[in-house]
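Same order as they appear, the protein sequences are chains A and B. One point on numbering: in our numbering, the residue at position 89 of the first sequence is 302, and numbering is uninterrupted. One point on numbering: in our numbering, the residue at position 456 of the second sequence is 458, and numbering is uninterrupted. Below is one structure; the comments refer to it alone.
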Amino acid sequence: MEFTTWSSPHLPVDNSVERIMRQVLLALVPGAACMTWLFGWGVPINLLIAAVTALGAEAFMLALRGRPVLVTLRDGSALLTGVLLALALAPLAPWWIAVIGSLFAIVVAKQLYGGLGYNPFNPAMAGYVVLLVSFPLELTLWPAPGHVPDLQTTLSMIFTGTPPTGGTIDALTMATPMDTVRMQLGLGATLGELHRQPLFGYFAGFGWEWVNLAYLAGGLWLLRTRVIQWQIPVAMLAGLGAMAGVFHLVNPGIYASPLFHLFSGAAMLGAFFIATDPVSACTTPLGRLCFGLGVGIITWIIRTWGGYPEGIAFAVLLMNLAAPTIDYYTRPRVFGHRDRTPQ
Amino acid sequence: MAETSRRPLPAIDPDFTRRYHFHGGLKLSGCREAASARPIRPAGLPDRLVLPLAQHIGEPSECLVGPGETVYRGQLLARALGRISAPVHASTSGTVVAVEARPVPHPSGLPAPCIVIETDGRDTPVPDAPPALDYLQSDVDTLLTRIRDAGIVGLGGAGFPTRAKLARRDAIELLLINGVECEPCIACDDALQRERAQEVIEGVRILQRIVQPAACVIALEDNMPKAEQALRAALAGGNETGIRVVNVPTVYPTGGERQLIRVLTGREVPSQGFPADIGIIVQNVGTAAAVYHAVARSRPLISRIVTVTGDGVRDACNMDVLLGTPVSHLIGAAGGYTGHIARLLIGGPMMGYAVNTDALPVSKTTNCVIAVTARSMPAPPPAKSCIRCGRCTEVCPANLLPQQLYWYARSGNQDAAQDFGLFDCIECGCCAHVCPSHIPLVQYYRHAKTTIWEQEKQKKKADIARARHEARLARLERIKHEREEKLARKKRAVADQGAGDAARQTAIQAALERVKTKKDQNGTAPRNTEDLTPEQQRQIEAVDRRRRERARRPREPD
Numbered sequence: 214m215e216f217t218t219w220s221s222p223h224l225p226v227d228n229s230v231e232r233i234m235r236q237v238l239l240a241l242v243p244g245a246a247c248m249t250w251l252f253g254w255g256v257p258i259n260l261l262i263a264a265v266t267a268l269g270a271e272a273f274m275l276a277l278r279g280r281p282v283l284v285t286l287r288d289g290s291a292l293l294t295g296v297l298l299a300l301a302l303a304p305l306a307p308w309w310i311a312v313i314g315s316l317f318a319i320v321v322a323k324q325l326y327g328g329l330g331y332n333p334f335n336p337a338m339a340g341y342v343v344l345l346v347s348f349p350l351e352l353t354l355w356p357a358p359g360h361v362p363d364l365q366t367t368l369s370m371i372f373t374g375t376p377p378t379g380g381t382i383d384a385l386t387m388a389t390p391m392d393t394v395r396m397q398l399g400l401g402a403t404l405g406e407l408h409r410q411p412l413f414g415y416f417a418g419f420g421w422e423w424v425n426l427a428y429l430a431g432g433l434w435l436l437r438t439r440v441i442q443w444q445i446p447v448a449m450l451a452g453l454g455a456m457a458g459v460f461h462l463v464n465p466g467i468y469a470s471p472l473f474h475l476f477s478g479a480a481m482l483g484a485f486f487i488a489t490d491p492v493s494a495c496t497t498p499l500g501r502l503c504f505g506l507g508v509g510i511i512t513w514i515i516r517t518w519g520g521y522p523e524g525i526a527f528a529v530l531l532m533n534l535a536a537p538t539i540d541y542y543t544r545p546r547v548f549g550h551r552d553r554t555p556q
Numbered sequence: 003m004a005e006t007s008r009r010p011l012p013a014i015d016p017d018f019t020r021r022y023h024f025h026g027g028l029k030l031s032g033c034r035e036a037a038s039a040r041p042i043r044p045a046g047l048p049d050r051l052v053l054p055l056a057q058h059i060g061e062p063s064e065c066l067v068g069p070g071e072t073v074y075r076g077q078l079l080a081r082a083l084g085r086i087s088a089p090v091h092a093s094t095s096g097t098v099v100a101v102e103a104r105p106v107p108h109p110s111g112l113p114a115p116c117i118v119i120e121t122d123g124r125d126t127p128v129p130d131a132p133p134a135l136d137y138l139q140s141d142v143d144t145l146l147t148r149i150r151d152a153g154i155v156g157l158g159g160a161g162f163p164t165r166a167k168l169a170r171r172d173a174i175e176l177l178l179i180n181g182v183e184c185e186p187c188i189a190c191d192d193a194l195q196r197e198r199a200q201e202v203i204e205g206v207r208i209l210q211r212i213v214q215p216a217a218c219v220i221a222l223e224d225n226m227p228k229a230e231q232a233l234r235a236a237l238a239g240g241n242e243t244g245i246r247v248v249n250v251p252t253v254y255p256t257g258g259e260r261q262l263i264r265v266l267t268g269r270e271v272p273s274q275g276f277p278a279d280i281g282i283i284v285q286n287v288g289t290a291a292a293v294y295h296a297v298a299r300s301r302p303l304i305s306r307i308v309t310v311t312g313d314g315v316r317d318a319c320n321m322d323v324l325l326g327t328p329v330s331h332l333i334g335a336a337g338g339y340t341g342h343i344a345r346l347l348i349g350g351p352m353m354g355y356a357v358n359t360d361a362l363p364v365s366k367t368t369n370c371v372i373a374v375t376a377r378s379m380p381a382p383p384p385a386k387s388c389i390r391c392g393r394c395t396e397v398c399p400a401n402l403l404p405q406q407l408y409w410y411a412r413s414g415n416q417d418a419a420q421d422f423g424l425f426d427c428i429e430c431g432c433c434a435h436v437c438p439s440h441i442p443l444v445q446y447y448r449h450a451k452t453t454i455w456e457q458e459k460q461k462k463k464a465d466i467a468r469a470r471h472e473a474r475l476a477r478l479e480r481i482k483h484e485r486e487e488k489l490a491r492k493k494r495a496v497a498d499q500g501a502g503d504a505a506r507q508t509a510i511q512a513a514l515e516r517v518k519t520k521k522d523q524n525g526t527a528p529r530n531t532e533d534l535t536p537e538q539q540r541q542i543e544a545v546d547r548r549r550r551e552r553a554r555r556p557r558e559p560d
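In structure tokens:
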């Protein structure tokens, strides 16, 4: 009898890129739901706009590049990029913000570099940073947590850029806790005074602490299902927490507590979902620790001394730059060799 | 070059209480039960046996028989060539019908020289078989010679000649008998230990006598309780040589020599080195049993236990198979195929190779035959781009960075691939098994290794050619130099001769002078143009004139 030959190993694989992307998307559900609960319809609308744009841009680019379109779209990586970007956007930002961000993320940051697996930078964060430096004002349109604007107001804000008659943007939006801390500290206020404001919740920014807890839960599930590895999130949170802890101990009046840093802004989203993007992060176990630590430390530095209230996007992109070098110098010791790097 | 570890080697605990970890590995769901449910059964006698001349690592053996010759069970058919080689014996009696290239169980699928025997069904033993040895009385050299002459090679899968593996016996601290199955699904070592524990133990005792190790341990997996029981029962009658039986966690690829050594002793075999470098010799349980048969029963290696399994065969089982039996015969003995077979594998599901025909013989290293339908092993999905997720790094037992290796292997950057430890890859397949992009990683590594070997071969050839060329240039230079020297010598000789000539000339001149003076004194004869008459003078002038005119006139055609 004649048979077909295949290369070993022959045991069927029970893992796939589709499965990984699907699980990451699933793990984002609690966080996204929590944000919707706090900030209203803007969150799902942004998600929809960004996802559709990302998928459309991916399909267009794949067709241009002569790659199989449907098979590749099904891997879910473009969808995930769109979703991650949307979750970073202000819920009341105009629609073209999500469109421009997704287009840049998919077309420039991903497909022009060769598509999935070849992008040196995290596409979602590249898109976000382009928006942040180009349209800083639009990215501040966060509603006050808990004061959810109704659907009509949200739609009006997103698609016309103005609140419906009778309202003002200022009445709808509110500076985020991170923004407030930066601004007020810059004006000479102390954290003690700030903490009495309604902006603060139990241990971090009001509302934001719940968002971060939800992302943390999703992230822990990803760790449990081995979709991501522990090194990057743990090192990033450790880096952020350690920097915040040391400076908070030195001067609690002007440096926010580690708890505030870990549970405000996009800390948990960044640690478990953004910094862990495998394509643009380090791949060696030790390298991943360095990468995470770097993201954490740079995030704290930008938050504390930089020009932006949140620093995760910049921190991730900066560490993306360093990833190949870190990987090169953190090769594990091969079995039977004396030193870490074989000669 | 083998590297020596900078850290001192961990001492070998005589009780083997501790289990060390190696990086990575996989807990694979075993399919061993299917074959282990039944006792070992004989595969029976096929009509024809095909015995490849190369069933081991090293030089192929040299055929000693020709077509038409009658051979007997245990007769030497092909002798070992060199130290790393093994002889081949007739598995039963019959007639040699051909010595020709046939398909053999090898990943390449290329045919190789084989001896084909038509069996006569009488199974007549060879009359001048060597006597059985009482191993307790025999000296080590006799035992080693017997092992070599019996054609014993490592039966765990690699097929390294056992005699050669026993060559370095100085300062061996541990004789490690490997009863851990190499891969899931394979059950031949398990069956052997369960049913023929006594043979294994006797074989181990012979090996102990040869190696004289400080300690000796038989290792098996923690999911082989029956085998462990059988071994312990076999040792219960008396264990003067202190053989220990221990189990190790069932993590693939613990059956690998280097991984097993690490798990039991915490020592790492140096990269490109051998276990003997760190005072350890490893032998497979099947090899130990074969040693027992060769020494105490005077039976060379002519059969082995083969696991026949997979959802493509009706009755999965372990079989006692004569070497040279066609795989199709084994399948028949296991009840035949169940349906459409998607793959036929020789070896395990992780490192075995798929073959395109079942007309292949069982060789010394064939431990398992797996026939599967597309249901249990569907065609792999198309490969996608690597997303650098690092799952491969997590599971690599050699602690390599498989995704980096893949990157360099794919781009043909052989230097970087070697720098990242390409040759430390044991091709266990863990990385490819977990790859979410379904990249056939091992295939890339094999290709890169083969390319490098080929390049090195070419380089060696080029080196030889260069050396020859340089030798030729040197020779030409030398010849030229010698010629120049010879010429110079000759010139000098001629110059010397020239000086002699001058002297002779002077002598001749002097002699002529003397004659002339003598003639002058005597008066010499006048020349014939002197004292001419006027008539003669005119005639001469007329002749001269004519001659001059003729020279001036243009030459007329004849």
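Just so it is clear, CB atoms sit at the ideal spot from N, CA and C, and this is done for glycine as well. From a predicted model like this one, the values you see are computed outputs, not experimental measurements.
- Among the residues facing chain A, Gln405 of chain B is included, as its CB has a counterpart in that chain under 8 Å away.
- In the DSSP assignment, the residues bridged to Ile245 of chain B are B:Cys218.
- Distance between Gly341 of chain B and Pro225 of chain A, taken at the CA atoms: about 19 Å.
- Beta bridge pairing from DSSP links Phe413 of chain A with A:Gly418.
- At a cut-off of 8 Å between C-beta atoms, Cys65 of chain B does not count as an interface residue with respect to chain A.
- Taking each of A:Arg409, A:Thr266, A:Gly289 and A:Ile445 in turn and checking the Cα distance to Leu316 of chain A, the smallest one comes out for A:Thr266.
- The Cβ atoms of Ile304 of chain B and Arg75 of chain B sit closer than 8 Å to each other.
- Boundaries of the alpha helix (DSSP H) around Gln365 of chain A: Leu364 to Thr373.
- Bridge partners of Val284 of chain B according to DSSP: B:Leu178.
- Taken atom to atom, the span from the alpha-carbon of Ser369 of chain A to that of Pro376 of chain A is near 6 Å.
- For Pro277 of chain B and Leu499 of chain A, the gap between their C-alpha atoms comes out near 29 Å.
- Interface with chain A (8 Å Cβ-Cβ cutoff): Leu347 of chain B is included.
- Chain order gives the chain B residues near Pro491 of chain A as Ile389, Arg390, Cys391 and Gly392, where near means a beta carbon separation below 8 Å.
- The region 409-479 of chain A is shown to contain whole alpha helix (DSSP H) runs of 4 or more residues at 421-437, 444-463 and 471-475, in chain order.
- Ile203 of chain B and Gly156 of chain B have their C-alpha atoms roughly 17 Å apart.
- Using a C-beta cut-off of 8 Å, the region 168-179 of chain B makes contact with the region 209-221 of chain B, since at least three inter-stretch Cβ pairs fall below that distance.
- Taking the C-beta atoms as reference points, Asp313 of chain B is found no nearer than 8 Å to Thr359 of chain B.
- Per DSSP, reduced to three states, the secondary structure at Asn369 of chain B is coil, with no helix or strand assignment.
- Close to chain A, meaning a Cβ-Cβ distance shorter than 7 Å, are the following residues of the region 436-465 of chain B: Val436, Cys437, Pro438, Ser439, His440, Pro442, Val444 and Gln445.
- In this structure, Leu53 of chain B sits near Val90 of chain B, with a CB-CB distance shorter than 8 Å.
- Taking the Cα positions, Pro127 of chain B is about 19 Å away from Ala45 of chain B.
- In the structure shown, Ala402 of chain A adopts coil according to DSSP, grouped into three states.
- At least one C-beta of chain B is nearer than 8 Å to the C-beta of Arg546 of chain A.
- Annotation: Ile117 of chain B to Arg43 of chain B spans about 26 Å, alpha carbon to alpha carbon.
- Residue contact with chain B for Met370 of chain A: absent (no Cβ-Cβ distance below 8 Å to any residue of chain B).
- For Met226 of chain B, there are no C-beta contacts with chain A under 8 Å, since the nearest C-beta of that chain is about 20 Å from it.
- The shortest C-alpha to C-alpha distance from Val447 of chain A to any of A:Tyr468, A:Trp421, A:Gly507 and A:Leu400 is the one to A:Gly507.
- Using beta-carbon distances, Phe504 of chain A does not count as an interface residue toward chain B, since no partner is under 8 Å.
- Among the residues facing chain A, Glu270 of chain B is included, as its CB has a counterpart in that chain under 8 Å away.
- Given a length threshold of 3 residues, each whole run of the beta strand (DSSP E) inside the region 318-349 of chain B is given here in chain order: 319-324 and 345-348.
- If you draw a straight line from the Cα of Glu551 of chain B to the Cα of Lys493 of chain B, it is about 51 Å long.
- Residues of the same chain with a CB within less than 7 Å of the CB of Tyr341 of chain A, apart from the 5 flanking positions on each side, are Leu298, Ala301, Gly314 and Ala526 in chain order.
- Thr395 of chain B is positioned such that its CB atom lies no closer than 8 Å to that of Val364 of chain B.
- Secondary structure in the region 226-274 of chain A: the alpha helix (DSSP H) runs of 4 residues or longer, each lying completely within the stretch, are 230-252 in chain order.
- Across the set B:Ala221, B:Asp498 and B:Glu242, the C-alpha of B:Ala221 shows the shortest separation from the C-alpha of Ala290 of chain B.
- In the DSSP assignment, Tyr341 of chain A falls within the unbroken alpha helix (DSSP H) covering Pro336 to Ser347.
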